[in-house]
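Per numbering that gives the first Met the number 0: the sequence shown ends with 300, consecutive numbering throughout. Glycine is no exception: its CB is placed at the ideal position from the N, C-alpha and C atoms.
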Amino acid sequence: MRYGFIGLGNLGGHLAANLLKHGFEVSVTDIDPALGKRHLDMGKGCVWAENPAELARDCDAIITCLPSPAVSEKVLTEMLTTAKPGTTWIEMSTLGRDDILRLATVASAKGVETMEAPVTGGVHLAAQGKITVLAGGEAHLFDRHRKAFEAMGDKIFHMGPLGSASIIKVITNMLAFIHLVADGEALMLAKRGGLDLKTAREAIAASSGSSFVHETEGQLILNGSYDVAFNMDLALKDLGFAMNFGREFGVPMDLAGLTAQTFVRGKAAYGGEAQSTQIVKLLEDALGTDLRAPGFPSRLE
Numbered sequence: 000m001r002y003g004f005i006g007l008g009n010l011g012g013h014l015a016a017n018l019l020k021h022g023f024e025v026s027v028t029d030i031d032p033a034l035g036k037r038h039l040d041m042g043k044g045c046v047w048a049e050n051p052a053e054l055a056r057d058c059d060a061i062i063t064c065l066p067s068p069a070v071s072e073k074v075l076t077e078m079l080t081t082a083k084p085g086t087t088w089i090e091m092s093t094l095g096r097d098d099i100l101r102l103a104t105v106a107s108a109k110g111v112e113t114m115e116a117p118v119t120g121g122v123h124l125a126a127q128g129k130i131t132v133l134a135g136g137e138a139h140l141f142d143r144h145r146k147a148f149e150a151m152g153d154k155i156f157h158m159g160p161l162g163s164a165s166i167i168k169v170i171t172n173m174l175a176f177i178h179l180v181a182d183g184e185a186l187m188l189a190k191r192g193g194l195d196l197k198t199a200r201e202a203i204a205a206s207s208g209s210s211f212v213h214e215t216e217g218q219l220i221l222n223g224s225y226d227v228a229f230n231m232d233l234a235l236k237d238l239g240f241a242m243n244f245g246r247e248f249g250v251p252m253d254l255a256g257l258t259a260q261t262f263v264r265g266k267a268a269y270g271g272e273a274q275s276t277q278i279v280k281l282l283e284d285a286l287g288t289d290l291r292a293p294g295f296p297s298r299l300e
């Protein structure tokens, strides 16, 4: 079985590389051809395609990892001009549930079956092949592609029918952004309270107040790089999905709403391409107090 992979950015580039490392035959393409060089250098199992239509012609399954629903729809439209009936489209981008269901209907009209498989855990875990895969779709498709999911991640969850993974992915991202804002406030309390930030960070990590975000992205805040390879625009997109689910399901979203407002201010201050971890810089700038401490990495490895 040959997989196609479209979207070789911060996240997708690692996922495609892990497929190749595990012996899968993979065709790749991206709007930036330079991003495919490292995959082609990995050996004869990798083939470059000039565009999604060329890639889809020769693949049994096509994976997309793209920045927005609009881009996913554009790429799918190109893919469907050449994809064979029976091809599986595996969407690993973060889409709203309505988006994936609508696009799956478009794909089905051309005989293409759809799975969603967004991932969570961060770019550094994708690089290690240890990211979490949240799959949604028919059980037979999950079984057919499970080995590919296991090549890309080490925790694989089949959440249920198509649309299920979109909901849980939005939930996990919502929690991460809430935790990020909270971690900035916690670290600032420690700093202004006269505590050593390195020791305070370790104490929090060993306490009931710890979180995945504190243990990972908190290090990038203390380093001052903020370089998490995820930007403000993407954070606002995901928080928007969360707020929409809250309205649909009748769930008050007080914390998510406040966090979304904070990210709106962060984008206004630093731009949509700024790192999502720079949301903590709003507090640093407002108080004229940085959260630097020695010994922390500029990027997570």
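Extent of the continuous beta strand (DSSP E) run through residue i
i, result
"R298", "Element bounds for R298: n/a, residue is neither H nor E."
"G121", "Unbroken run through G121: none, as it is neither H nor E."
"G3", "R1 to I5"
Continuous alpha helix (DSSP H) stretch holding residue i: start and end
i, result
"G132", "A quick correction: the sequence has Val, not Gly, at residue 132. No alpha helix (DSSP H) holds V132; the beta strand (DSSP E) holding it covers I130 to A134."
"T104", "R96 to S107"
"F229", "Looking at the DSSP string, F229 is not in any alpha helix (DSSP H), and its letter there is neither H nor E."
"A69", "P68 to M78"
"E184", "S163 to R191"
"A202", "L196 to A204"
"E137", "Careful: E137 lies outside any alpha helix (DSSP H) and carries neither H nor E."
Contact under 8 Å by Cβ, residue i with residue j
i, j, result
"L233", "V212", "no"
"T87", "E115", "no"
"A69", "P117", "no"
"L174", "M158", "no"
"F51", "M91", "According to the sequence provided, residue 51 is Pro. The question's Phe does not apply to it. Not in contact: P51 and M91 (Cβ atoms no closer than 8 Å)."
"S297", "D182", "no"
"L238", "A255", "yes"
"L161", "I99", "yes"
"L290", "I220", "yes"
"L54", "T28", "yes"
"F23", "A147", "yes"
"I278", "G294", "no"
"L34", "S71", "no"
"G121", "L299", "yes"
"A19", "G44", "Before going on, a small fix: residue 19 reads as Leu here, not Ala. Yes; because the gap between Cβ atoms is below 8 Å, this pair is in contact."
"V46", "T63", "no"
"G135", "D153", "no"
"T258", "I155", "no"
"I236", "S67", "For the record, residue 236 in the displayed sequence is Lys; it is not Ile. Cβ atoms of K236 and S67: closer than 8 Å."
"G150", "H21", "Checking the sequence shown, residue 150 turns out to be Ala, not Gly. Yes."
"T93", "K168", "yes"
"R96", "I30", "no"
"A268", "M252", "no"
For residue i: DSSP bridge partner residues
i, result
"K154", "T131"
"E90", "T63 and E115"
"I220", "According to DSSP, which records beta bridges pairwise, I220 is partnered with nothing at all."
Is there contact between the region 285 to 295 and the region 261 to 273, where contact requires at least three CB pairs shorter than 8 Å? no
In chain order, which beta strand (DSSP E) runs of at least 3 residues are fully inside the region 7 to 65? 24 to 28, 45 to 47 and 60 to 63
Okay, do the region 51 to 67 and the region 1 to 9 touch, 3+ Cβ pairs below 8 Å being the bar? yes
At 4 residues or longer, and completely inside the region 230 to 299: list those alpha helix (DSSP H) runs for me, N to C. 231 to 248, 253 to 269 and 280 to 286
Pairing CB atoms from the region 241 to 248 with CB atoms from the region 214 to 223, are three or more of them under 8 Å? no
Would you be able to state if there are at least three C-beta pairs under 8 Å between the region 223 to 237 and the region 190 to 202? no
Decide if the region 166 to 173 is in contact with the region 141 to 150; the criterion is three or more beta carbon pairs, one per stretch, under 8 Å apart. no
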